[in-house]
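Heads up, the final residue of the sequence shown is numbered 1245 in our numbering, and it's a clean run with no missing numbers. C-beta: ideal position from N, C-alpha, C; glycine also.
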Amino acid sequence: MIYEAVITTRNEDGSDRIAPLGYQEEEGLIILSPFSPSTTLRNLERTHQAVLNMTDNVAVIAGCLTGHHEWPLVPAEKIPGSRLEDTLAHRELKVERIEEDNIRPRFYCRILHEKVHKPFRGFNRAKNAVLEAAILVSRLHMLPTEKIDAEIEYLKIAIDKTAGEQEQRAWNWLMERISDYREGREK
Ligand SMILES: Cc1cc2nc3c(=O)[nH]c(=O)nc-3n(C[C@H](O)[C@H](O)[C@H](O)COP(=O)(O)O)c2cc1C
């Protein structure tokens, strides 16, 4: 099973990199598998540490894909790193083993510390729609235009019916990115 979360890793200059990332759990370990090349991958290789943020703030996920990288952070408790301020829970991770691969290495991580900050309030269709649209946006260069248009048309129903301000803003960023891509402003 794959969960979608937001990972924070420490850059060489001491700042933090925030990126949406899928993760799996296997026998008590967290498995992260970032594609190469990426800043998150380089940070994981260098520091062997990361924070996994289980957030339902989909604006962070859409924001990271559309150039909005500044999100409030607070220091992690057991490792030199940061967690998102707005997260339901977080886990502080130490890389225990790396399964090397030129395209997509797998990092097996031990949970050093975890904390719940807020209760899960239930599913929201607009949050799910933003998540699915974010996946489409991260694959614009791979997917046919008609497939993207058909999926966006369907996902927009949930946005129109159930979005709050956060989900609407996130959706708008993603739609702008699709238009920019098609008009050649983004590669
Ligand atoms: C919901 C979601 C899940 C993602 N999961 C992964 C993943 O598991 N591995 C990966 O390499 N990129 C994944 N991505 C794309 C990365 O977030 C994106 O490529 C990131 O910008 C690369 O890392 P960097 O910003 O540190 O260079 C995902 C994107 C979204 C929206």
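> DSSP three-state call for Thr-1067: helix, strand or coil?
Replying inline: Working through the sequence shown from its first residue, we reach residue 1067 at position 9. Correct three-state label for Thr-1067: strand.
>> Closer than 7 Å to a non-hydrogen atom of ligand 1 - does that hold for the CB of Glu-1062?
In response: As a first step, residue 1062 is located in the sequence shown; it is residue number 4 there, counting from the start. Result yes, Cβ under 7 Å from ligand 1.
>> Can you check which of these residues, Pro-1138, Asn-1115 and Trp-1129, is closest to Ala-1147 by C-alpha distance?
In response: Start at 1 with the first residue of the sequence shown, and residue 1147 comes out as number 89. Per the Cα distances, Asn-1115.
>> Mapping the DSSP letters down to three states, classify Ile-1137 as helix, strand or coil.
In response: Position 79 of the sequence shown, counting from 1, holds the residue named residue 1137. Reduced to three states, the DSSP call for Ile-1137 is coil.
>> If we require 3 or more residues per run, which beta strand (DSSP E) segments fall completely within the segment 1074-1157?
In response: 1074-1084, 1087-1090, 1107-1112, 1131-1133, 1140-1142 and 1147-1157
>> I need the boundaries of the beta strand (DSSP E) containing Ile-1169, first residue and last residue.
In response: Locating residue 1169 in the sequence shown gives position 111, counting from the first residue. Per DSSP, Ile-1169 belongs to the beta strand (DSSP E) from 1164-1174.
>> Taking 7 Å as the cut-off, is the beta-carbon of Pro-1092 closer than that to any non-hydrogen atom of ligand 1?
In response: Taking the sequence shown and counting its residues from 1, one reaches residue 1092 at position 34. Yes, the beta carbon of Pro-1092 sits closer than 7 Å to at least one heavy atom of ligand 1.
>> Judging by CA-CA distance, which residue of Glu-1241, Ser-1096, Ala-1221 and Val-1109 is the nearest neighbour of Arg-1183?
In response: Locating residue 1183 in the sequence shown gives position 125, counting from the first residue. Out of Glu-1241, Ser-1096, Ala-1221 and Val-1109, Ala-1221 has the C-alpha closest to the C-alpha of Arg-1183.
> Does the distance from the CB of Val-1109 to the CB of Ile-1065 come in under 8 Å?
Replying inline: Sequence index remark: in the sequence shown, residue 1109 carries index 51 (1-based). Sequence index remark: in the sequence shown, residue 1065 carries index 7 (1-based). Yes, these two residues count as a Cβ contact at 8 Å.
> How about Ala-1120 and Ala-1208: are their beta carbons less than 8 Å apart?
Replying inline: For the purposes of this step, residue 1120 is taken as the residue at position 62 of the sequence shown. For the purposes of this step, residue 1208 is taken as the residue at position 150 of the sequence shown. Against a cut-off of 8 Å, the Cβ pair of Ala-1208 and Ala-1120 comes out as no contact.
> Helix, strand or coil: which one does DSSP assign to Glu-1190?
Replying inline: Taking the sequence shown and counting its residues from 1, one reaches residue 1190 at position 132. Three-state DSSP puts Glu-1190 in a helix.
> Is there at least one non-hydrogen atom of ligand 1 closer than 7 Å to the beta-carbon of Gly-1080?
Replying inline: To locate residue 1080, count along the sequence shown from 1; it is residue 22. Checking every heavy atom of ligand 1 against the Cβ of Gly-1080, one is found closer than 7 Å.
> So what does DSSP say about Glu-1241, is it helix, strand or coil?
Replying inline: Counted from its first residue, the sequence shown places residue 1241 at position 183. If DSSP states are grouped into helix, strand and coil, Glu-1241 belongs with coil.
>> Just checking: is the beta-carbon of Glu-1150 within a distance shorter than 8 Å of some beta-carbon in chain C?
In response: Here there is only one protein chain, and chain C is not present.
>> At the level of alpha carbons, what is the spacing between Arg-1179 and Thr-1145?
In response: Within the sequence shown, numbered from 1, the residue matching residue 1179 stands at position 121. Within the sequence shown, numbered from 1, the residue matching residue 1145 stands at position 87. Approximately 12 Å between the Cα atoms of the pair.
> Could you give the distance in angstroms between the alpha-carbon of Pro-1138 and the alpha-carbon of Arg-1243?
Replying inline: As a working mapping, residue 1138 is identified with position 80 in the sequence shown. As a working mapping, residue 1243 is identified with position 185 in the sequence shown. Rounded to the nearest angstrom, the two C-alpha atoms are 37 Å apart.
> Between Leu-1123 and Ser-1196, is the Cβ-Cβ spacing less than 8 Å?
Replying inline: Locating residue 1123 in the sequence shown gives position 65, counting from the first residue. Locating residue 1196 in the sequence shown gives position 138, counting from the first residue. In this structure, Ser-1196 lies closer than 8 Å to Leu-1123 by Cβ.
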